[in-house]
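Asker: Mind having a look at this structure? Questions to follow.
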Amino acid sequence: MNLKNFVEIILRGISQVFLLNNAITGILFLIGIFYNSCIMGAGAIIGVFAGTLTALFLKYCKNDINQGLYGYNGTLVGLAIAYFFGFNTPSVIAIFFGSILSSILMRVMSLRRIPPYTAPFIISTWIALLLLVKLSVIPLQITQLPDADVLRIIPAVSKGIGQVMFQGDMVTGIIFFIGLLISSRISALYALLGSVLGVMVAFTFSFPLTMINIGLFSFNGVLCGIAFSHKKWNSIIPAIVSIVISIFMTYGIINSGIISLTSPFVISTWLVLLFNTKIKSIFYRKFEKKYP
Numbered sequence: 001m002n003l004k005n006f007v008e009i010i011l012r013g014i015s016q017v018f019l020l021n022n023a024i025t026g027i028l029f030l031i032g033i034f035y036n037s038c039i040m041g042a043g044a045i046i047g048v049f050a051g052t053l054t055a056l057f058l059k060y061c062k063n064d065i066n067q068g069l070y071g072y073n074g075t076l077v078g079l080a081i082a083y084f085f086g087f088n089t090p091s092v093i094a095i096f097f098g099s100i101l102s103s104i105l106m107r108v109m110s111l112r113r114i115p116p117y118t119a120p121f122i123i124s125t126w127i128a129l130l131l132l133v134k135l136s137v138i139p140l141q142i143t144q145l146p147d148a149d150v151l152r153i154i155p156a157v158s159k160g161i162g163q164v165m166f167q168g169d170m171v172t173g174i175i176f177f178i179g180l181l182i183s184s185r186i187s188a189l190y191a192l193l194g195s196v197l198g199v200m201v202a203f204t205f206s207f208p209l210t211m212i213n214i215g216l217f218s219f220n221g222v223l224c225g226i227a228f229s230h231k232k233w234n235s236i237i238p239a240i241v242s243i244v245i246s247i248f249m250t251y252g253i254i255n256s257g258i259i260s261l262t263s264p265f266v267i268s269t270w271l272v273l274l275f276n277t278k279i280k281s282i283f284y285r286k287f288e289k290k291y292p
């Protein structure tokens, strides 16, 4: 493998955070991250390198590696730990080992019939958070939410896209959306649907306005939308159902005091996929009985 191919795999790994496979999109995502936070940008790079190199060292499926499937969970681990703990020696070590674990979990979970999505990232990051906090290695950085008295729809929608990578910045969200458009217009539209629904549903049910305006009720919906975009408009109903479930799950998990990460996206998407599978199974059984 030459350097050009390796760099392309790294960039594809970053783009796969949004379930896309496009190196140019990966470049734009990286630009968007560094525009808002150089610290998180560095965390993302360490994470994607550690995750990808782990897969190469352990000789995982070459095609999966080339598509960046062993890079995106590490990218998210790096972003999350840099967001919660800053950039220091303990956090860099946590990013490194958390990203390695995410690749191993990705391999194990990919052998199952259900898509792993960002579950390896969630598990790895929860373990890292638990160890770092419980062992009092470094303090958890608490971000003060800005006061809000009105709903700011356009910034909230844009930030909802940015928050997929922990970026609560409107410009970064726009850069991410351009990256989505370059890779897949249908995925970009589904992502926009997820963010808009996140804002509208959360506002309708009087969820905290400060959280709505920074996109915290939208980013899981963005991923839910993209997850169902591969069938184009045939999956609009399952996508909407998954998005709405993720919004209420986000609210519930936040209220329980747990850092939700992208768990509402993963769980709601799994539930909808499982329901669809069961419905199809019942339909086919009835069809076979009627027309043996």
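Going by this note's numbering, the letters in the sequence shown line up with residues 1 to 292, in that order. Beta carbons are placed, not taken as given, at the ideal position from N, Cα and C, and that holds for glycine. All of these numbers come straight from a predicted model, not from anything done at the bench.
1. Please classify Q163: is it buried, with 16 or more other beta-carbons within 10 angstroms of its beta-carbon, or exposed?
2. In three-state terms, what does DSSP make of N21?
3. In the DSSP assignment, find the alpha helix (DSSP H) that holds W126 and state where it starts and stops.
4. Hey, how far is the Cα of N220 from the Cα of A188?
5. Considering Cα atoms alone, identify which of Y117, P139, S195 is closest to R152.
6. Of all the options V17, T204, S102, which has the alpha carbon lying nearest to the alpha carbon of Q67?
7. In whole angstroms, what separates the C-alpha of L53 from that of S206?
8. So what does DSSP say about P146, is it helix, strand or coil?
9. Using the beta-carbon count (16 or more within 10 Å), is V222 buried or exposed?
10. So, does the stretch 140 to 154 touch the stretch 92 to 102, judging by three or more C-beta pairs under 8 Å?
11. Between which residues of its own chain and I240 is the CB-CB distance below 8 Å, once the five residues before and five after are set aside?
12. Determine the closest residue to L132 out of F166, D169, Q167, A94, with distance taken between C-alpha atoms.
13. Which residues mark the beginning and the end of the alpha helix (DSSP H) in which L193 is found?
14. Select from V244, R185, V48, L11 the residue whose C-alpha is nearest the C-alpha of V201.
Answerer: In short:
1. Under this definition Q163 is a buried residue.
2. N21: coil per DSSP, three-state reduction.
3. Looking at the DSSP string, the run of the alpha helix (DSSP H) that includes W126 is 119 to 134.
4. Their Cα atoms are separated by approximately 14 Å.
5. The shortest Cα separation from R152 among Y117, P139, S195 belongs to S195.
6. Comparing Cα positions, the closest option is V17.
7. If you take the alpha carbons of L53 and S206, they lie about 45 Å apart.
8. P146 falls in the coil class under three-state DSSP.
9. So V222 counts as buried.
10. In this structure the stretch 140 to 154 does not touch the stretch 92 to 102; the number of beta carbon pairs closer than 8 Å is below three.
11. Counting only Cβ-Cβ distances below 8 Å, and skipping sequence neighbours, we find L193, L197.
12. Among F166, D169, Q167, A94, the Cα nearest to that of L132 is on A94.
13. It spans 185 to 204 - the alpha helix (DSSP H) in which L193 sits, taken as one unbroken run.
14. Nearest in C-alpha terms to V201, of all of V244, R185, V48, L11, is V244.
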